[in-house]
Amino acid sequence: MTHSFFGGVYPATRKASTRRKPLAPLSPAPEEVAIPLLMCADGLSAPLVKPGDRVLLGQPIARRAGGGAAAHASVSGRVTAVENCPHPWGGVSPAIVIRNDGREAPWEEIPQPLTTREVSLTLLTQRVEEAGIVGMGGGGAPIWEKLDQAAGRVDTLIINAAECQPYVTADHRLLLERGKYILRGAELLSRCLGASRTVLVTEGDKLNAVESVEHRRLVRGGTVRLCTVRTRYPLGAEKQIIQTVTGREVPPGGSPLDVKCVVFNLATVYAIQDAVFRGRSLTHRAVTVTGGAVSRPRNLWVPIGTSLRCLLENCGGLREPADLMLTGGPMMGIPQDSLDTPVIKDTNCLVCLTNLERRPEQSGSVCIRCGKCVAACPMHLAPTFARQALEQHDLARLSKLHLEDCISCGCCSYICPAQIPLVDRVRQARQALERGGFEI
Ligand code: SF4
Ligand code: SF4
């Protein structure tokens with residue numbers, strides 16, 4: 039039985055152009071990759087290589103330095119620079135640039151592959167840290183810390199395959215094509231964390247992937263339960279997926295651990311099992327390249343650090359100028375203005391929208407007090423009150439609206455008939471609260 043979460047919206051899914059496209063290697067391969075030192079929410083990593091060094095595929099090229107995550111060469115070749123490059127999270131970040139020699143010569147000093155029985159929580163955490171695995175569903179949370187915090191404190195492990203953003207099908211393909219590895223990874227996590235139930239959650243529009251996983255699950259006799267739910271955005275957000283599976287509500291300002299749950303993104307689970315059972319570091323990921331402006335939308339298996347330009351070359355380029363280009367889906371994605379921006383560990387999609395596809399620029403006409411933004415907000419917030427208090431510079435009122443709970447899902451902006459950019463207003467209101475005042 040599944041439960042329901044409050045609010046949400048039903049945007050058109052627009053996945054038809056890629057859901058049947060298998061994950062394909064890049065051809066042409068990137069001539070160079072730029073691997074940013076910033077791929078983890080904890081901060082920058084420190085380079086281990088310098089210009090002129092030769093590197094092999096999978097070789098460590100940056101280490102954790104307080105914060106940050108280890109990074110590994112995603113191609114073999116020569117380091118040409120350590121310099122600032124555009125970053126998909128915004129602005130620029132230092133990156134290690136490697137000219138690809140096209141040989142894919144592997145780094146031989148990989149850790150010894152382990153069997154399930156050999157893996158303890160300590161060993162798992164160590165492997166995940168060495169392999170540089172961060173949350174691949176967005177945000178780049180350090181997974182070794184998440185494992186550490188969750189061990190012995192959870193009864194439910196949720197594998198998040200609910201790809202609820204429109205256009206994105208990378209996780210769908212990963213589940214369909216590599217489901218047996220994901221099941222194995224889920225069982226490993228479940229055992230190490232001491233969870234009594236493990237649930238893999240997908241949406242109803244991935245029936246072929248669900249059937250394939252269900253078949254493997256029955257053959258393996260494993261303990262992972264499948265849960266298929268109706269598509270509603272933002273089902274894939276942590277708090278909403280927990281409520282859907284368990285009926286438990288994460289308290290405001292709290293974490294999933296407060297309700298004995300932990301959630302891992304599907305791609306992250308794939309990377310974890312790869313690190314443990316095959317000794318591989320995180321060097322590649324699945325990326326959907328799509329949108330009406332793209333000539334041949336596809337799903338690709340991409341070396342980290344590949345430019346958006348190279349992704350588009352692999353899809354026949356643009357058939358018409360893109361009016362808006364985003365990494366991530368159209369609801370929560372980040373606008374990109376440079377094709378030199380590289381794919382990082384949490385980049386699941388490049389979507390290039392035509393003028394007709396993108397939502398019209400939100401001009402912010404007059405609120406008609408319909409209440410739709412309040413009904414759609416999955417975090418029980420009142421975006422229209424935030425907008426009002428922001429306009430009136432009423433800090434005292436803003437402080438009572440619990441805006442720190444906003445997950446920037448964009449449901450309020452999406453639903454507003456007056457086309458008020460509410461998600462931006464809420465963000466501005468939060469910034470005003472943090473600053474303790476308004477910008478003049
Ligand atoms: S963006 Fe924030 S305020 Fe708007 S619906 Fe989502 S959680 Fe609510
Ligand atoms: S959805 Fe838009 S028009 Fe309706 S109450 Fe909210 S802000 Fe006002």
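Counted the way my numbering counts, the sequence shown spans residues 39 to 478.
Just so it is clear, CB atoms sit at the ideal spot from N, CA and C, and this is done for glycine as well.
If you're wondering where the values come from, they're calculated on a predicted model, not measured in any experiment.
Residue i, buried or exposed, once every other Cβ within 10 Å from all chains shown has been counted against 16
i: Tyr271; result: buried
i: Gly474; result: exposed
i: Ala62; result: exposed
i: Ser114; result: buried
i: Ser83; result: buried
i: Arg397; result: exposed
i: Ala50; result: exposed
i: Pro204; result: buried
i: Asp41; result: First, the residue type needs correcting, since residue 41 is His and not Asp in the sequence shown. His41 comes out exposed.
i: Asp209; result: buried
i: Pro180; result: buried
i: Tyr48; result: exposed
Through-space distance from residue j to residue i, alpha-carbon basis
i: Asp378; j: Val251; result: 37 Å
i: Thr207; j: Thr365; result: 13 Å
i: Gly354; j: Arg52; result: 20 Å
i: Gly105; j: Met370; result: 25 Å
i: Asp91; j: Ile148; result: 19 Å
i: Arg347; j: Val381; result: 10 Å
i: Gly96; j: Phe44; result: 43 Å
i: Pro368; j: Arg211; result: 19 Å
i: Asp375; j: Lys383; result: 19 Å
i: Phe302; j: Asn198; result: 6 Å
i: Glu241; j: Arg116; result: 43 Å
i: Pro31; j: Ala109; result: Residue 31 falls outside the range modelled here, since the chain spans only 39 to 478, and no answer is possible.
i: Lys184; j: Gln469; result: 27 Å
i: Ser345; j: Ala434; result: 45 Å
i: Arg318; j: Glu351; result: 28 Å
i: Cys299; j: Ser293; result: 9 Å
i: Val340; j: Val93; result: 18 Å
i: Met77; j: Pro132; result: 11 Å
i: Gly129; j: Ile279; result: 31 Å
i: Leu152; j: Arg316; result: 7 Å
i: Ala414; j: Leu161; result: 43 Å
Per DSSP, the bridge partner or partners of residue i
i: His322; result: Pro341
i: Pro144; result: Leu95
i: Ser131; result: Cys123
i: Pro380; result: Ser345
i: Asn198; result: Val239 and Asn303
i: Pro180; result: Val172
i: Pro294; result: According to DSSP, which records beta bridges pairwise, Pro294 is partnered with nothing at all.
Would you be able to state if there are at least three C-beta pairs under 8 Å between the region 131-144 and the region 61-74?
yes
The region 322-337 contacting the region 225-234, beta-carbon criterion three pairs below 8 Å:
The region 322-337 vs the region 225-234: no contact.
Check each residue's C-beta against every heavy atom of ligand 2 and list, in chain order, those closer than 7 Å.
Cys405, Ile406, Arg407, Cys408, Gly409, Lys410, Cys411, Val412, Pro421, Thr422, Arg425, Cys450, Ile453, Cys454, Pro455, Ala456, Ile458 and Leu460
Are there three or more Cβ pairs, one per stretch, closer than 8 Å when the region 273-292 is compared with the region 189-202?
yes
Is it true that the region 410-425 meets the region 451-466, where meeting means three or more beta-carbon pairs spaced less than 8 Å apart?
Verdict: yes, contact present.
Under 8 Å: do the region 159-172 and the region 119-132 share three or more Cβ pairs, one atom per stretch?
no
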